[in-house]
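Trainee: Have a look at this one before I ask anything.
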Amino acid sequence: MTKLNPGVKPRKAIEIFNKIKDLALTKKTHSVVVFDLDSTLFDVAPRLEKVLIDVADEPIIKEKFPNVIPYFKNIKTQRNDWGFVDVLKRAGVSPDHHDLFKTVRTLWAEKFFSNEYIHHDVPYQGSVEFVKKIDQLQIPIVYLTGRDVKRMELGSRDVLKKWDFPLDDQSSRLVLKPERSMDDALFKRDWLHSYMTDHKTSVFLFENEPVNINLVAKELPTVELVFFDSTHSRMEAPPEEIFTLVHYLLDDE
Ligand SMILES: [Mg+2]
927 MTKLNPGVKP RKAIEIFNKI KDLALTKKTH SVVVFDLDST LFDVAPRLEK VLIDVADEPI
987 IKEKFPNVIP YFKNIKTQRN DWGFVDVLKR AGVSPDHHDL FKTVRTLWAE KFFSNEYIHH
1047 DVPYQGSVEF VKKIDQLQIP IVYLTGRDVK RMELGSRDVL KKWDFPLDDQ SSRLVLKPER
1107 SMDDALFKRD WLHSYMTDHK TSVFLFENEP VNINLVAKEL PTVELVFFDS THSRMEAPPE
1167 EIFTLVHYLL DDE
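First residue of the sequence shown? That's 927 in my numbering, and the numbers climb one at a time after it.
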């Protein structure tokens, strides 16, 4: 598997699981385990692929860009894809095709951030079992996502349930942005801060986006961070000394 951050050495999921378990068993402190969804528990590459294939069927693409439609048949997304630009270039679309990229961006955003298309997401290896095992330790689980309520709550709930992730709205719950315009990193920091103030808990945060990780590391330094090395915006690099996973398999040798 190609790693996105070659300088960061991946660790074993069992190590972080045992750390969470030890804390739960000693009961010296309450804990909560917080998981991001996109590119942390779920591989969104299949969603991206389906979105782009359907974009090619849109009347505006057929009308304005008939010559590029054959390239869309070559589309194959990869784990470390971020957005659609590299995917289209790899399929053979010229990077100079600015009009096309602009039109695709609008269509892509409508579909990618929608209840309809998140059904194509697939959990990363071992993630369902990993989250279930934490749930069995009776540690609260929160899915804290930059998806927003209006466009993606219903689909997010359906997909978590479809794959058998714990979600009982008490000890395992889903938290989305109330408004799409909110900044993901600030939303997550504020939610974590208020939860920690109310509950006096120790927090584990599993997250793939360095922008979110770095803000939490700086402003909420007691949060135990786990970086999931899948893909990210490339706006920032993850901290060099951070617990890193590339899958959640507990029996990995
Ligand atoms: Mg994410």
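Note that CB positions come from ideal geometry on N, CA and C, so glycine has one too.
The structure displayed is predicted, hence computed values, not measured ones.
Closer than 7 Å to a non-hydrogen atom of ligand 1 - does that hold for the CB of Ser965?
Mentor: Yes, the beta carbon of Ser965 sits closer than 7 Å to at least one heavy atom of ligand 1.
Trainee: Would the beta-carbon of Val1149 fall within 8 Å of that of Leu1112?
Mentor: Contact: no.
Trainee: Return yes when at least one heavy atom of ligand 1 lies under 7 Å from the C-beta of Asn1140, else no.
Mentor: Checking the Cβ of Asn1140 against ligand 1 gives no.
Trainee: The alpha helix (DSSP H) with Val1137 in it runs from where to where?
Mentor: That run of the alpha helix (DSSP H) goes 1136-1145.
Trainee: Have a look at Phe1153, Lys1114, Glu1162 and flag the residue whose alpha-carbon is nearest the alpha-carbon of Leu1146.
Mentor: Of the listed residues, the one whose Cα sits closest to Leu1146 is Lys1114.
Trainee: Could you check whether the stretch 1073-1083 touches the stretch 998-1005, counting it as contact only if at least three pairs of C-beta atoms, one from each stretch, sit closer than 8 Å?
Mentor: Touching, no, given that fewer than three Cβ pairs across the two stretches are closer than 8 Å.
Trainee: Using the C-alpha atoms, what's the distance from Asp964 back to His1158?
Mentor: Taking the straight line joining both Cα atoms gives about 10 Å.
Trainee: Quick check: does the Cβ of Glu1135 come within less than 7 Å of any heavy atom belonging to ligand 1?
Mentor: Answer for Glu1135: yes, Cβ within range of ligand 1.
Trainee: Just to confirm the assignment, what range does the alpha helix (DSSP H) spanning Ile1001 have?
Mentor: Element bounds for Ile1001: n/a, residue is neither H nor E.
Trainee: Could you tell me whether the stretch 1021-1040 touches the stretch 938-953, using the rule of 3 or more Cβ pairs below 8 Å?
Mentor: Touching, no, given that fewer than three Cβ pairs across the two stretches are closer than 8 Å.
Trainee: Considering only C-alpha positions, which residue in the set Ile1139, Val1085, Lys1103, Leu1063 is nearest to Asn1041?
Mentor: It is Val1085.
Trainee: If you follow the alpha helix (DSSP H) that Ile986 is in, where does it begin and where does it stop?
Mentor: Counting along the chain, the alpha helix (DSSP H) containing Ile986 begins and ends at 985-990.
Trainee: Going by the CB atoms, is the gap between Phe961 and Phe1153 shorter than 8 Å?
Mentor: No, these two residues do not count as a Cβ contact at 8 Å.
Trainee: Run the proximity test for Asp962: is its beta-carbon closer than 7 Å to any non-hydrogen atom belonging to ligand 1?
Mentor: Yes; taking the cut-off as 7 Å, the Cβ of Asp962 has a heavy atom of ligand 1 nearer than that.
Trainee: Which class does Thr928 belong to by DSSP, given the choice of helix, strand or coil?
Mentor: A caution first: Thr928 carries a pLDDT of 46, below 50, which makes its placement in the model too unreliable to give a value.
Trainee: Taking buried to mean at least 16 other C-beta atoms within 10 Å of its own C-beta, is Gly1072 buried or exposed?
Mentor: By the 10 Å Cβ count, Gly1072 comes out buried.
Trainee: If you drop the 5 nearest sequence neighbours on each side, which residues of the same chain put their C-beta closer than 7 Å to that of Lys1015?
Mentor: Excluding sequence neighbours, Lys1015 sits near Pro1021.
Trainee: Quick check: what's the CA-CA separation for Glu1055 versus Lys988?
Mentor: Rounded to whole angstroms, Glu1055 to Lys988 spans 43 Å at the Cα level.
Trainee: Does the stretch 949-957 come into contact with the stretch 1026-1038, if we say contact requires no fewer than three beta-carbon pairs (one atom in each stretch) closer than 8 Å?
Mentor: Taking 8 Å as the limit for Cβ pairs, the verdict is that the stretch 1026-1038 does not touch the stretch 949-957.
Trainee: Do you know whose CA, among Lys976, Asn1134, Val1172, Phe1130, lies nearest Ile1065's CA?
Mentor: Closest by alpha carbon: Phe1130.
Trainee: Where Phe1010 and Asp969 are concerned, what is the direct C-alpha to C-alpha distance, given to the nearest angstrom?
Mentor: Between Phe1010 and Asp969, the C-alpha separation is close to 15 Å.
Trainee: Between Lys1188 and Val981, what straight-line distance do the alpha-carbon atoms span, to the nearest angstrom?
Mentor: The first residue shown for the chain is 927 and the last is 1179, placing residue 1188 beyond what the model contains.
Trainee: One question on the structure: do Leu1171 and Ala939 come within less than 8 Å of each other, judged by their Cβ atoms?
Mentor: It is a contact, given that the beta carbons lie within the stated cut-off.
Trainee: Going by beta carbon distance, what residues of the same chain come within less than 7 Å of Glu984, once the five residues before and after it are set aside?
Mentor: Leu1033, listed in sequence order.
Trainee: Beta carbon of Asn1140, beta carbon of Glu1167: below 8 Å?
Mentor: For Asn1140 and Glu1167, no; Cβs fall outside 8 Å.
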